[in-house]
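Peer 1: Residues 1 to 544 in the UniProt record's numbering are what the sequence shown spells out, letter by letter.
The beta-carbon is built from N, C-alpha and C at its ideal position, and this holds for glycine as well.
Everything numeric in this text was worked out from a predicted model, so none of it was measured.
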Amino acid sequence: HLSAMCQNLGDLHVTGPLKDMNFSIPEGGAVRFIYQFTSEPPAVSFRATGEKDGIIDIVPRTGILFLNGSLDWETKAVHRLQVESLDEKGNTVKGPYTVTIYVEDINDNPPEFDQIMYTGVVRQNSRPGSNIGTLIATDMDEENTLNSRLRFKIESQVPPVPASNLFFIQQDTGILQLTSRSLNKRIASNYSLKVLVSDGVFQTICDVQVHVIDINDQIPIFEKSDYHNVTVAESLPVGTVILEIQATDGDEPGTGSSYIIYQMKEGDPNNTFIIVTDSETNRGFVKTNKALDFEATPVYNLVISATNPEPLVLGVQYNSSSLTLFKVFVTNVDEPPVFHKTVYKGEVFEDIPVNTLVMTVEAYDPEGDTVRYSLKGDVRKWLRIDSATGQIYTASTLDREQEEMYTVEVVASELTQKSKATFILHLSDVNDNPPLLAMDYPPFFCHPLSGGERAFIQADDADEQLWYSTFTFSLADDVNTRNNWEITKANATHAYLSPKHVNFEEKVYNVPVIINDNGKPPLERKVNLEGILYLMVVYHDYIS
């Protein structure tokens, strides 16, 4: 068995006792035999456990530590095993000892670009040394070693005009730069480069496309230096086109050097107008950006400029050819009065006196005409308005119980035009309603009485129950009533009416009951309960 192993592994000349050990082995399949451990009796065999990963193993009888496959640094850089010697029964004699195998990286991976093709742009007047872009490549071999150290190089340039070395790449960083001012878009507008990256053993090539773009050395020129004037009504809708303008630019079409931006250079401090450019034709459309107002500005004397988003080259400047004039006359339109608010809101107590001022509305006429005021929708005739001042007064007694939120329209009129605003009057409650009985049918008593009978009575109040929902029930100060009847409180809104004895005849009885609310000030109501005491007592309400 040992002879067969020797044929495969080579001469077994590295041996030693079992102990903690470290090994450094290059990745790949160049090394098969690692070490042979020796043992002293009673040890007769060896065992290895740990991170063998199916590659590292030990011959039990001989103690030969060997590889049955190739180590790969990129997969695993360190393997840790525990080796021990055993006796004939399999018991540990020595160990376990730690054996650490460090895998040494070799240059077995080619570099790779992060893109198949790179694209760059450069202006034809760019200075030597101008950066066009950066090529990025990586290598899977160990970082910061010669195995992963990369070098960039330009292999070819097509076309090789006006020179074959127009571009340069920094070998360590991959930064692509321009070498001279020789670029001329009319000679060549595109260049194809082959760029090589190498790690000393392997190399990879990628394509780079460099586009030469025109410089902005031409200014926009208007077709007209004066577009004269246009007359528009002040009621013209916002966004309406009032003029089309045109300037041309001799730079490369479809670039920032030839695209034209139109702006109001003078005469429009409030940005009343805006100019939109058609990107295909460079035609400009002057539109209203805000509502026109004859009273504020009847005439606009505009100066329009045409510029490029790309800066002009040194020595070239915009001049009067990139300016044009335009005048806008705004005509007056009879406009309706304008309220300061669209909705006016007021709040008063419902018991305020008639002729109390509750609100003042205000409107003005853009043309300066006199404004008159009136009310519309005052169905309850609660309000009146001073036609000259817009002051709104109460015209009659208000009642929250009839309508809590009272809404009317205020109309502002001049000679030919009208405007409307909404006035909402919120009526706050006061205690102006005494309580009343709230029962669908009267209580009754069966005759003859047996004692203990009582009738359930309920009160209600038209005022806002949030504040006035507690009632007090009592009998009138009448000797006969108090001798025959009694009333007791059940809860905040209910009470019990009870006979005080059973000696009642079968006839009609009047029971005067007084109900008080808890308002400020409190109000009371006296109710005569009238019923017939027989098989049942039926009563009718009489409100004093």
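Thinking just about the alpha-carbon of each residue, which of T472, V513 and I260 is nearest to the one in W485?
Peer 2: Within the sequence shown, the letter at position 485 stands for residue 485. Nearest of T472, V513 and I260 to W485, Cα basis: V513.
Peer 1: Suppose only complete runs of 4+ residues qualify. What are the alpha helix (DSSP H) ranges in the UniProt domain "Cadherin" (20 to 113), listed by chain order?
Peer 2: Within the UniProt domain "Cadherin" (20 to 113), no complete alpha helix (DSSP H) run reaches 4 residues.
Peer 1: Taking DSSP as the reference, what is the three-state secondary structure of L146?
Peer 2: Taking the first residue of the sequence shown as position 1, residue 146 is located at position 146. Of the three classes helix, strand and coil, the one that applies to L146 here is helix, per DSSP.
Peer 1: For G120, which residues from the same chain have a beta carbon less than 6 Å from its beta carbon, with the 5 sequence-adjacent residues on both sides left out?
Peer 2: For this step, residue 120 is matched to residue 120 along the sequence shown. Cβ within range, chain order: I132, G133 and V210.
Peer 1: Answer yes or no: do G174 and L236 have a C-beta to C-beta separation smaller than 8 Å?
Peer 2: Counting from one through the sequence shown, the residue named residue 174 turns up at place 174. Counting from one through the sequence shown, the residue named residue 236 turns up at place 236. Contact: no.
Peer 1: Count the other CB atoms within 10 Å of the CB of P17; is the residue buried (16 or more) or exposed (fewer)?
Peer 2: One-based indexing of the sequence shown puts residue 17 at position 17. Exposed: under 16 other Cβ atoms inside 10 Å.
Peer 1: Considering only the alpha carbon of each residue, which of V195, F66, Q36 and R47 lies closest to A30?
Peer 2: Within the sequence shown, the letter at position 30 stands for residue 30. A30 has its Cα closest to that of F66, out of V195, F66, Q36 and R47.
Peer 1: Taking all protein chains shown into account, decide if R400 is buried (16 or more other Cβ within 10 angstroms of its Cβ) or exposed.
Peer 2: The residue you call residue 400 lines up with position 400 of the sequence shown. The residue in question, R400, is buried, as its Cβ has 16 or more Cβ neighbours within 10 Å.
Peer 1: Following the continuous alpha helix (DSSP H) through V479, name the residue where it begins and the one where it ends.
Peer 2: Locating residue 479 in the sequence shown gives position 479, where the first residue counts as 1. V479 to N484 is the extent of the alpha helix (DSSP H) around V479.
Peer 1: For T481, which residues in the same chain have their Cβ closer than 7 Å to its Cβ, ignoring the five residues on either side in sequence?
Peer 2: The count along the sequence shown starts at 1 and reaches residue 481 at position 481. Here the set comprises L475, V511 and P512.
Peer 1: Given that a residue counts as buried once 16 or more other Cβ atoms are within 10 Å of its Cβ, and exposed if not, what is L150?
Peer 2: Taking the sequence shown and counting its residues from 1, one reaches residue 150 at position 150. Buried: at least 16 other Cβ atoms inside 10 Å.
Peer 1: Contact defined as beta carbons within less than 8 Å: I believe A412 pairs with V371. What is the distance between those atoms, to the nearest angstrom?
Peer 2: Position 412 of the sequence shown, counted from the first residue, corresponds to residue 412. Position 371 of the sequence shown, counted from the first residue, corresponds to residue 371. Rounded, the Cβ-Cβ distance is 5 Å, consistent with contact.
Peer 1: Among residues of its own chain, excluding the 5 on either side of G239, which ones have a beta-carbon nearer than 6 Å to its beta-carbon?
Peer 2: Mapped onto the sequence shown, residue 239 falls at position 239. Here the set comprises K287.
Peer 1: If you scan the stretch 342 to 414 from start to end, which runs of the beta strand (DSSP E) of 3 or more residues do you find wholly inside it?
Peer 2: Runs found: 343 to 349, 357 to 360, 372 to 376, 383 to 385, 391 to 394 and 405 to 413.
Peer 1: Would you check if the distance between the CB atom of N91 and the CB atom of N147 is smaller than 8 Å?
Peer 2: Taking the first residue of the sequence shown as 1, we reach residue 91 at position 91. Taking the first residue of the sequence shown as 1, we reach residue 147 at position 147. Their beta carbons are not under 8 Å apart, which means N91 does not touch N147 by this criterion.
Peer 1: Threshold first: 4 residues or longer. Then list the alpha helix (DSSP H) segments lying entirely within the stretch 219 to 276, N to C.
Peer 2: Taking only runs of at least 4 residues, no alpha helix (DSSP H) segment lies wholly in the stretch 219 to 276.
Peer 1: If you follow the beta strand (DSSP E) that C206 is in, where does it begin and where does it stop?
Peer 2: As a working mapping, residue 206 is identified with position 206 in the sequence shown. Q203 to I213 is the extent of the beta strand (DSSP E) around C206.
Peer 1: What's the C-alpha gap between P110 and S164?
Peer 2: As a working mapping, residue 110 is identified with position 110 in the sequence shown. As a working mapping, residue 164 is identified with position 164 in the sequence shown. Rounded to the nearest angstrom, the two C-alpha atoms are 28 Å apart.
Peer 1: Tell me whether the beta-carbon of K194 lies closer than 8 Å to the beta-carbon of E155.
Peer 2: By 1-based counting over the sequence shown, the position of residue 194 is 194. By 1-based counting over the sequence shown, the position of residue 155 is 155. Cβ distance < 8 Å, so K194 and E155 count as in contact.
Peer 1: Starting from A492, follow the beta strand (DSSP E) in both directions and report where the run begins and ends.
Peer 2: As a position in the sequence shown, residue 492 is number 492, starting the count at 1. A492 -> no beta strand (DSSP E), and no H or E assigned at all.
Peer 1: Taking C-alpha atoms, which residue in T255, L292 and I242 lies nearest to V276?
Peer 2: Counting from 1 along the sequence shown, the entry for residue 276 is found at position 276. Of the listed residues, the one whose Cα sits closest to V276 is I242.
Peer 1: Are the CB atoms of T356 and Y406 within a distance shorter than 8 Å?
Peer 2: By 1-based counting over the sequence shown, the position of residue 406 is 406. By 1-based counting over the sequence shown, the position of residue 356 is 356. It is not a contact, given that the beta carbons lie outside the stated cut-off.
Peer 1: Relative to the alpha-carbon of E234, which residue among L383, D105 and A291 has its alpha-carbon at the smallest distance?
Peer 2: Within the sequence shown, numbered from 1, the residue matching residue 234 stands at position 234. Minimum Cα distance to E234 is reached at A291.
Peer 1: With D386 and V408 assumed to form a contact (beta carbons below 8 Å), what rounded beta-carbon distance in angstroms separates them?
Peer 2: Counted from its first residue, the sequence shown places residue 386 at position 386. Counted from its first residue, the sequence shown places residue 408 at position 408. Contact doesn't hold; Cβ gap of about 15 Å is too wide.
Peer 1: Leaving out the 5 sequence neighbours to the left and right, which residues in its chain are closer than 7 Å to V313 when beta-carbon positions are compared?
Peer 2: Within the sequence shown, numbered from 1, the residue matching residue 313 stands at position 313. Closer than 7 Å at Cβ, skipping near neighbours: N125, I215, N216 and D217.
Peer 1: Kindly list the residues whose CB is nearer than 6 Å to the CB of D251, restricted to its own chain and excluding five residues on each side of it in sequence; keep chain order.
Peer 2: In the sequence shown, residue 251 corresponds to position 251, counting from 1. The residues are D214, N216, Q218, S257 and S258.
Peer 1: Which partner residues does L314 have in the DSSP bridge list?
Peer 2: Residue 314 sits at position 314 when you count from the first residue of the sequence shown. L314 pairs with nothing; no bridge assigned.
Peer 1: Which of helix, strand or coil does DSSP assign to S322?
Peer 2: Counted from its first residue, the sequence shown places residue 322 at position 322. S322: helix per DSSP, three-state reduction.
Peer 1: Taking just the CA atoms, how far does Q317 sit from Y262?
Peer 2: For this step, residue 262 is matched to residue 262 along the sequence shown. For this step, residue 317 is matched to residue 317 along the sequence shown. Cα to Cα, the separation comes out at about 16 Å.
Peer 1: What are the boundary residues of the beta strand (DSSP E) that H501 is part of?
Peer 2: Locating residue 501 in the sequence shown gives position 501, where the first residue counts as 1. Unbroken run through H501: none, as it is neither H nor E.
Peer 1: Please tell me whether K327 and N190 are closer than 8 Å, where the distance is taken between their beta carbons.
Peer 2: Working through the sequence shown from its first residue, we reach residue 327 at position 327. Working through the sequence shown from its first residue, we reach residue 190 at position 190. Not a contact, by the Cβ cut-off of 8 Å.
Peer 1: Since T331 and K224 should fall inside the 8 Å C-beta cutoff, what is the C-beta to C-beta distance between them, to a whole number of angstroms?
Peer 2: On the sequence shown, position 331 is the one that residue 331 refers to. On the sequence shown, position 224 is the one that residue 224 refers to. The pair is not a contact, with the Cβ atoms about 24 Å apart (cut-off 8 Å).
Peer 1: Just the Cα atoms here: how many angstroms apart are G254 and F339?
Peer 2: On the sequence shown, residue 254 is found 254 positions in, with the first residue counted as 1. On the sequence shown, residue 339 is found 339 positions in, with the first residue counted as 1. Rounded to whole angstroms, G254 to F339 spans 50 Å at the Cα level.
Peer 1: Could you give the DSSP three-state label for F444: helix, strand or coil?
Peer 2: Along the sequence shown, one-based indexing puts residue 444 at 444. Of the three classes helix, strand and coil, the one that applies to F444 here is coil, per DSSP.
Peer 1: At which residues does the beta strand (DSSP E) containing A188 begin and terminate?
Peer 2: What you label residue 188 is simply residue 188 of the sequence shown in a count that begins at 1. A188 -> no beta strand (DSSP E), and no H or E assigned at all.
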